[in-house]
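**Q** Below you'll find the structure I mean.
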Ligand code: ADP
Ligand code: MG
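In my numbering, the protein residues as written are 219 to 479.
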């Protein structure tokens, strides 16, 4: 045990080497038992400090990202969704599209896993060292509109412009207010070739004119979004309903059951 006045502990505190400080005795024991050289011991201490700092950074970034729920790639059943190319999702999870400032669009009907994959890719991006922010399209536009109204649009554009990856979920589920197209256009222009966007939508790109209520601005938005983009169209049935159907089948006797469709 160390007393509060142990000068070594004080120096480690001052240098913010808190992992080394907190585990000092056990780390020194470990180094002695393994008969590590001075250099190897120092390397061991640094490894533990870096591991702790990485852990903290990830924990902090996960909180700042505001994911609506916890989902990861390991929890995604690729066999249930044959329209998805697993290798392509793995490639996206590597974060290379973020380094290249590219856009990802997940398109498809409700319940097919768009938001699940968006969160999973966002989490992988944080682990890889990128900053991420998740927001629903509805909330994004509402925040931009309110800021615009208060004369603080620039501030909000900076906020949504900052993260390396901005995930915009559920574009097209609800109609936008009249000003939305212009506000969204400003955001997309702001991020264009500076940061990545990942957008999920239940509407085909051809319907976005209707979503934004302005074909000209929607075309300008799409022009930027599709320039460097990966468009992933997911087909098939809702995973949730599928699970329900399955559990429903289990409670009936096989003879009376007919698969629908
Ligand atoms: P979407 O955003 O396309 O409407 P979600 O991603 O919200 O759909 O998926 C609905 C629910 O079903 C979520 O709880 C999600 O985790 C789950 N889900 C969807 N597809 C799969 C899948 N292939 N494997 C595991 N869970 C899935
Ligand atoms: Mg969704």
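Virtual Cβ for every residue (Gly too), placed ideally from N, Cα, C.
Just so we're clear, the structure is a prediction, and the values are computed from it rather than from any experiment.
Hey, could you find the ends of the beta strand (DSSP E) residue 321 is sitting in?
**A** For the purposes of this step, residue 321 is taken as the residue at position 103 of the chain shown. Here the beta strand (DSSP E) through residue 321 covers 321-325.
**Q** Take residue 504 as the anchor and find which of 330, 352 and 329 has the nearest alpha-carbon.
**A** The structure shown has nothing for residue 504, since the chain only spans 219 to 479.
**Q** With a threshold of 7 Å, establish whether the CB of residue 461 neighbours any heavy atom of the ligand MG.
**A** Translated into the one-based positions of the chain shown, residue 461 becomes position 243. Result no, Cβ not under 7 Å from the ligand MG.
**Q** Roughly how many angstroms lie between the CA atoms of residue 397 and residue 309, to the nearest whole one?
**A** Walking along the chain shown from the start, residue 397 turns up at place 179. Walking along the chain shown from the start, residue 309 turns up at place 91. Those two C-alpha atoms are separated by around 36 Å.
**Q** Since residue 188 and residue 431 are thought to touch, with beta carbons under 8 Å apart, how far apart are those beta carbons, to the nearest angstrom?
**A** Nothing about residue 188 can be reported from this structure: the residues present for the chain run from 219 to 479 only.
**Q** Nearest to residue 282 by alpha carbon, out of 363, 417 and 348?
**A** Counted from its first residue, the chain shown places residue 282 at position 64. Nearest of 363, 417 and 348 to residue 282, Cα basis: 348.
**Q** State the DSSP-derived secondary structure class of residue 242, mapped to helix, strand or coil.
**A** Translated into positions along the chain shown, residue 242 becomes position 24. Residue 242: helix per DSSP, three-state reduction.
**Q** Run the CB neighbour count on residue 292, radius 10 Å, all protein chains shown included, and call it buried at 16 or more, exposed below.
**A** On the chain shown, position 74 is the one that residue 292 refers to. Exposed.
**Q** Leaving aside the five residues before and after residue 355 along the sequence, list all residues of the same chain whose C-beta is less than 7 Å from its C-beta, in chain order.
**A** Translated into positions along the chain shown, residue 355 becomes position 137. 386, 387, 388 and 389.
**Q** Okay, do the segment 330-338 and the segment 285-302 touch, 3+ Cβ pairs below 8 Å being the bar?
**A** Touching, yes, given that three or more Cβ pairs across the two stretches are closer than 8 Å.
**Q** Please look up how many angstroms separate the CB atoms of residue 414 and residue 321, rounded, as I've assumed it's under 8 Å.
**A** For the purposes of this step, residue 414 is taken as the residue at position 196 of the chain shown. For the purposes of this step, residue 321 is taken as the residue at position 103 of the chain shown. Their Cβ separation, rounded to whole angstroms, is 6 Å, which keeps residue 414 and residue 321 in contact under 8 Å.
**Q** Tell me the residue span of the alpha helix (DSSP H) that contains residue 432.
**A** Within the chain shown, numbered from 1, the residue matching residue 432 stands at position 214. Taken as a continuous stretch (DSSP letters only), residue 432 belongs to no alpha helix (DSSP H), as it is neither H nor E.
**Q** Excluding the 5 residues preceding and the 5 following residue 287 in the sequence, name in chain order all residues of the same chain whose CB lies nearer than 7 Å to its CB.
**A** If you number the chain shown from 1, residue 287 lands on position 69. Only 337 meet the Cβ criterion.
**Q** Within the chosen definition, does the segment 355-371 reach the segment 442-457 through at least 3 CB pairs nearer than 8 Å?
**A** No contact exists between the segment 355-371 and the segment 442-457.
**Q** May I ask you to report which of helix, strand or coil DSSP gives residue 229?
**A** If you number the chain shown from 1, residue 229 lands on position 11. In this structure, residue 229 counts as helix in the three-state DSSP scheme.
**Q** Measuring straight from C-alpha to C-alpha, what distance separates residue 316 and residue 324?
**A** Residue mapping note: residue 316 aligns to position 98 of the chain shown, counting from 1. Residue mapping note: residue 324 aligns to position 106 of the chain shown, counting from 1. Residue 316 and residue 324: Cα-Cα distance of roughly 15 Å.
**Q** Can you determine whether any heavy atom of the ligand MG sits closer than 7 Å to the C-beta of residue 418, and answer yes or no?
**A** As a working note, residue 418 is residue 200 in the chain shown. Correct: residue 418 has its Cβ closer than 7 Å to the ligand MG.
**Q** So for residue 437, helix, strand or coil by DSSP?
**A** By 1-based counting over the chain shown, the position of residue 437 is 219. Helix, per DSSP.
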